[in-house]
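Undergrad: In the UniProt record's numbering, the protein residues as written are 1 to 566. C-beta atoms are modelled at their ideal positions from N, C-alpha and C, and glycine is treated no differently.
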Amino acid sequence: MSDEPTADTDRESVDESADASPYTLQRDDDEHRAFWADAVADRVEARDPEEPIVVKGGISPSGVPHLGNVNELMRGYYVAEVLRERGHDVRQVFTADDRDPLRKLPRTLCDLEGELVDLGEVDAGALGRNLGAPYTDIPDPFGCCDSYGDHFSTLIADSADAVDVPIELVSNTELYESGELEDVTRFVLENRDRAREVLSEYQDKVDASYVPFNPICEECGKITETVTDVDLGVEPATVAYRCTDMDAGDRTVDGCGHEGTATLREGKLPWRFEWPAQWKVLGVDFEPFGKDHAEGSWPSGQDVARNVLEIEPPVPMVYEWFTLEGEPFSSSAGNVILVTDVLELIEPAVLRYFFAKDPAKARDFSIERLDQLVDEFDRLEAIYFDEIEADEDETAFAKRVYPLLVDEPRAERVRLPYTFAAVLGMTDDPALREEIARREGHVPDDAPEWAVEGALARVERARTWARRTENEFDYELKRTEIPDHDFDPATEAALAELAEFIEAGHGPEEIQGEIYETAKRYDVDVGEFFGAGYRLFFDEKQGPKLGPFLAKVDREFVVDRLRRER
RNA sequence: GGGCCGGUAGCUCAGUCCGGCAGAGCGUCUGGCUUUUAACCAGACGGUCGCGUGUUCAAAUCGCGCCCGGCCCGCCA
Numbered sequence: 001m002s003d004e005p006t007a008d009t010d011r012e013s014v015d016e017s018a019d020a021s022p023y024t025l026q027r028d029d030d031e032h033r034a035f036w037a038d039a040v041a042d043r044v045e046a047r048d049p050e051e052p053i054v055v056k057g058g059i060s061p062s063g064v065p066h067l068g069n070v071n072e073l074m075r076g077y078y079v080a081e082v083l084r085e086r087g088h089d090v091r092q093v094f095t096a097d098d099r100d101p102l103r104k105l106p107r108t109l110c111d112l113e114g115e116l117v118d119l120g121e122v123d124a125g126a127l128g129r130n131l132g133a134p135y136t137d138i139p140d141p142f143g144c145c146d147s148y149g150d151h152f153s154t155l156i157a158d159s160a161d162a163v164d165v166p167i168e169l170v171s172n173t174e175l176y177e178s179g180e181l182e183d184v185t186r187f188v189l190e191n192r193d194r195a196r197e198v199l200s201e202y203q204d205k206v207d208a209s210y211v212p213f214n215p216i217c218e219e220c221g222k223i224t225e226t227v228t229d230v231d232l233g234v235e236p237a238t239v240a241y242r243c244t245d246m247d248a249g250d251r252t253v254d255g256c257g258h259e260g261t262a263t264l265r266e267g268k269l270p271w272r273f274e275w276p277a278q279w280k281v282l283g284v285d286f287e288p289f290g291k292d293h294a295e296g297s298w299p300s301g302q303d304v305a306r307n308v309l310e311i312e313p314p315v316p317m318v319y320e321w322f323t324l325e326g327e328p329f330s331s332s333a334g335n336v337i338l339v340t341d342v343l344e345l346i347e348p349a350v351l352r353y354f355f356a357k358d359p360a361k362a363r364d365f366s367i368e369r370l371d372q373l374v375d376e377f378d379r380l381e382a383i384y385f386d387e388i389e390a391d392e393d394e395t396a397f398a399k400r401v402y403p404l405l406v407d408e409p410r411a412e413r414v415r416l417p418y419t420f421a422a423v424l425g426m427t428d429d430p431a432l433r434e435e436i437a438r439r440e441g442h443v444p445d446d447a448p449e450w451a452v453e454g455a456l457a458r459v460e461r462a463r464t465w466a467r468r469t470e471n472e473f474d475y476e477l478k479r480t481e482i483p484d485h486d487f488d489p490a491t492e493a494a495l496a497e498l499a500e501f502i503e504a505g506h507g508p509e510e511i512q513g514e515i516y517e518t519a520k521r522y523d524v525d526v527g528e529f530f531g532a533g534y535r536l537f538f539d540e541k542q543g544p545k546l547g548p549f550l551a552k553v554d555r556e557f558v559v560d561r562l563r564r565e566r
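#1: In angstroms, rounded to a whole number, what distance separates the CA positions of GLU556 and ASP523?
#2: With DSSP as the reference, label GLN26 as helix, strand or coil.
#3: Using the Cα positions of GLU121 and LEU456, report the straight-line distance between them to the nearest angstrom.
#4: Using the Cα positions of ARG521 and ALA493, report the straight-line distance between them to the nearest angstrom.
#5: Report the option in ASP98, ARG563, GLY334 whose CA atom is closest to the CA atom of GLU500.
#6: Rank VAL423, ARG413, VAL318, GLU440 by C-alpha distance to the C-alpha of ASP371 and give the top, closest one.
#7: Give the range of the beta strand (DSSP E) segment to which SER153 is assigned.
#8: Between which two residues does the alpha helix (DSSP H) carrying GLN302 extend?
#9: Any idea which residues DSSP pairs TYR319 with across the strands?
#10: Terminal residues of the continuous beta strand (DSSP E) containing PHE94?
#11: Below 7 Å CB to CB, which residues in the same chain sit around GLU412 once its five sequence neighbours on both sides are set aside?
#12: Considering only C-alpha positions, which residue in the set ARG99, ASP375, ARG103, ALA124 is nearest to GLU174?
#13: Helix, strand or coil, according to DSSP, for LYS56 in the structure here?
#14: Tell me which same chain residues have a C-beta within less than 7 Å of the C-beta of PRO270, skipping the five on either side of it?
#15: Out of ARG272, ILE515, LEU343, which has the shortest C-alpha to C-alpha gap to THR491?
#16: Quick check: what's the CA-CA separation for THR238 versus THR261?
#17: What's the gap between the Cα of GLU180 and the Cα of SER300?
#18: What is the rounded straight-line gap between the Cα of LEU338 and the Cα of GLY296?
#19: List the endpoints of the continuous beta strand (DSSP E) containing GLU259.
#20: If VAL40 and PHE286 are in contact, beta carbons under 8 Å, what's the gap, nearest whole angstrom?
#21: Could you tell me whether the region 82 to 90 touches the region 340 to 350, using the rule of 3 or more Cβ pairs below 8 Å?
#22: Considering just the uninterrupted stretch of the alpha helix (DSSP H) at THR491, what are its terminal residues?
#23: Any idea what DSSP makes of PHE365, helix, strand or coil?
#24: Only counting the same chain, and skipping five residues up and downstream in sequence, which positions put a Cβ closer than 7 Å to that of GLU4?
#25: How would you write the range of the alpha helix (DSSP H) that VAL82 sits in, first residue to last?
#26: Starting from the C-beta of ASP28, find all residues in its chain whose C-beta is less than 6 Å away, skip the five residues before and the five after it, and write them out in chain order.
#27: Could you tell me the boundaries of the beta strand (DSSP E) in which SER200 lies?
Written out as structure tokens, the structure is:
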């Protein structure tokens, strides 16, 4: 942290690494990087890591895997990709921290298809009886997976697939049961005095009786906190425990009072030790984490790593949380959105772009204003292909990041502006959509087939967006049935004359003009006359620019509808 | 109480590391597209850079003190 020269070369490595701030993405002597992941990669390389380099993330499979979880995935992914570009072999490991106990009942769950399900629709009683037990020991409420933990781990894996991030999903329970964590667990217990000493700097509750191991009660299956004895002299090593009450959030999970023994595979390390233990066992070189860990888990974690486990902690990076529509993600409050839902609204590349932005800034993911995010992405893409001018910084960022967002940069791609795509979504006729897009100049004449397909795929997404948000683009051509209406005679006569005009065959702008003219001739208020049109075609008071729209819908239908014959 | 991150146009954000004319997109307004009707084009408007203070020829940028929002000091993306 200090620039002062160090006299003792012996201490240099210690000084350099001690108190590593998880916030600073680069040091003073680093060259400036357009993309934060490059700055992180510089620091990972500075460790001179062994191949393969390991990038880790992890979450508790506690419930609906929402967009917040994708943050953890994507932040690691960019660093992994940058390191791969530099010729390194990189593993992106993701732990499902599935030996963690269920602390409270989620109000909302979801099945493997991503359908949200209220807690009341599953066997809530069975879940309630399992409060305090590891996720992997709780039956899957949907009955489709081996356990509650497996169910939601599967969904995490699906999320990673959906954004095309290759991860190795590692079950924490599996690490304990297979014995992979046994040596480090034993080491912590052998050195529990030192462990206590280190952790007591961070947690007041750590006293002389503290034992850094939480056995699973063989009687009731819950994670317990009261270890009464440790015996490392037998094989396998065991701890003796008494199943006591455990604090879990605002409530207490009752212990059953059972006294028994457990092996080191039949329990877990407390989080403050478990995290560094994962670093050691998995050989982690870089780990991003939410800001919640920045001031608690991370300072104690790196201390435990160096002074208990005697390993160098990974390069850290804090990312800010983001909100959904201005509110925190919350499965209990129903403020969640799954990755699969998001991908029905925007292309994967756009979602990936969202997570490429500065991790230090809190952001809002707004479905309402999703068009803004898409516009931003389109701009980045256009800058990448030198189609528009931008300043130095923005250009550098675009050039660096864009190739990481798409499978393959292809200059011939075609993007319809998102809100325009939403307008096209008012009709479900694919040919009509393409025709209007071409007429408006959004599709070049020589655009290849795949590019046109890609452009029109956005129409479906924008249509889904308009429907979901019920916004100003949520109009639907009412083809099958004529909407209820009530016009005065003058309006009816004007509509009849407009029908004749259109039947005779005129262009989009001519029709637009004729709407005004007809209204005037029959002394109908222009606004009301447009309103009548929107009523007939959309069952709404407002809509898209009417002339061009009607000109493109098949003429017979338009004429009949204006005459209110169908 | 102590610590950390953020605060830039109505909105979403770049720019802060490295001090050098305050920027982009959207929105708004005006005009154009044959005549108010949400797509397209042009232009304009829009800012005490959270507040104060120090350093400097020069501060959004560096220092210090505050304010506001969030987070941590139990568990937890």
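TA: Quick look at the numbers:
#1: Position 556 of the first sequence, counted from the start, is the residue given in the question as residue 556. Position 523 of the first sequence, counted from the start, is the residue given in the question as residue 523. Whole-angstrom Cα-Cα distance: 27 Å.
#2: For the purposes of this step, residue 26 is taken as residue 26 along the first sequence, with counting starting at 1. Low confidence applies to GLN26: its pLDDT is 41, below 50, so where it sits in the model is not reliable enough to give any reading.
#3: In the first sequence, the residue the question calls residue 121 occupies position 121. In the first sequence, the residue the question calls residue 456 occupies position 456. LEU456 has its alpha-carbon roughly 38 Å from the corresponding atom of GLU121.
#4: Numbered from 1 along the first sequence, position 521 holds the residue referred to as residue 521. Numbered from 1 along the first sequence, position 493 holds the residue referred to as residue 493. Between ARG521 and ALA493, the C-alpha separation is close to 10 Å.
#5: Start at 1 with the first residue of the first sequence, and residue 500 comes out as number 500. Measuring from the Cα of GLU500, the nearest candidate turns out to be ARG563.
#6: Position 371 of the first sequence, counting from 1, holds the residue named residue 371. Comparing Cα-Cα distances from ASP371 to each of VAL423, ARG413, VAL318, GLU440, the minimum goes to VAL423.
#7: In the first sequence, the residue the question calls residue 153 occupies position 153. Per DSSP, SER153 lies in no beta strand (DSSP E) segment; the continuous alpha helix (DSSP H) that holds it begins and ends at 148 to 162.
#8: Taking the first sequence and counting its residues from 1, the one referred to as residue 302 is at position 302. Note, GLN302: alpha helix (DSSP H), 297 to 304.
#9: Counted from its first residue, the first sequence places residue 319 at position 319. For TYR319, which the question treats as bridged, DSSP gives the partners GLY290.
#10: Taking the first residue of the first sequence as position 1, residue 94 is located at position 94. Counting along the chain, the beta strand (DSSP E) containing PHE94 begins and ends at 90 to 96.
#11: Counting from one through the first sequence, the residue named residue 412 turns up at place 412. By the criterion of a C-beta distance shorter than 7 Å, GLU412 is surrounded in its chain by ALA447, PRO448, ALA451, once the five residues flanking it on both sides are discounted.
#12: Sequence index remark: in the first sequence, residue 174 carries index 174 (1-based). The shortest Cα separation from GLU174 among ARG99, ASP375, ARG103, ALA124 belongs to ARG99.
#13: Within the first sequence, residue 56 is the residue found at index 56, counting from 1. It is a strand residue.
#14: If you number the first sequence from 1, residue 270 lands on position 270. Around PRO270: PRO212, ASN214.
#15: Taking the first residue of the first sequence as 1, we reach residue 491 at position 491. Answer by Cα proximity: ILE515.
#16: By one-based count along the first sequence, residue 238 stands at place 238. By one-based count along the first sequence, residue 261 stands at place 261. Between THR238 and THR261, the C-alpha separation is close to 6 Å.
#17: Translated into the one-based positions of the first sequence, residue 180 becomes position 180. Translated into the one-based positions of the first sequence, residue 300 becomes position 300. Between GLU180 and SER300, the C-alpha separation is close to 23 Å.
#18: Reading the first sequence from its first residue, position 338 is the one you call residue 338. Reading the first sequence from its first residue, position 296 is the one you call residue 296. Near 28 Å, if we compare the C-alpha coordinates of GLY296 and LEU338.
#19: Here the question's residue 259 lines up with position 259 in the first sequence. Looking at the DSSP string, the run of the beta strand (DSSP E) that includes GLU259 is 259 to 263.
#20: Residue 40 sits at position 40 when you count from the first residue of the first sequence. Residue 286 sits at position 286 when you count from the first residue of the first sequence. VAL40 to PHE286, Cβ: 7 Å. Contact.
#21: no
#22: The residue labelled residue 491 in the question sits at position 491 within the first sequence. That run of the alpha helix (DSSP H) goes 489 to 503.
#23: In the first sequence, the residue the question calls residue 365 occupies position 365. Strand at PHE365.
#24: Looking up residue 4 in the first sequence gives position 4. Confidence at GLU4 is low in this model, with a pLDDT of 30, below 50, so the placement of that residue should be treated as unreliable; the coordinate-derived value is given next. So the list is empty, once near-sequence residues are dropped.
#25: Translated into positions along the first sequence, residue 82 becomes position 82. Its alpha helix (DSSP H) spans residues 67 to 85.
#26: By 1-based counting over the first sequence, the position of residue 28 is 28. Legend: pLDDT at ASP28 = 41, less than 50; position of this residue unreliable, no value from coordinates given.
#27: Taking the first sequence and counting its residues from 1, the one referred to as residue 200 is at position 200. Premise fails: SER200 lies in the alpha helix (DSSP H), 192 to 200, not in any beta strand (DSSP E).
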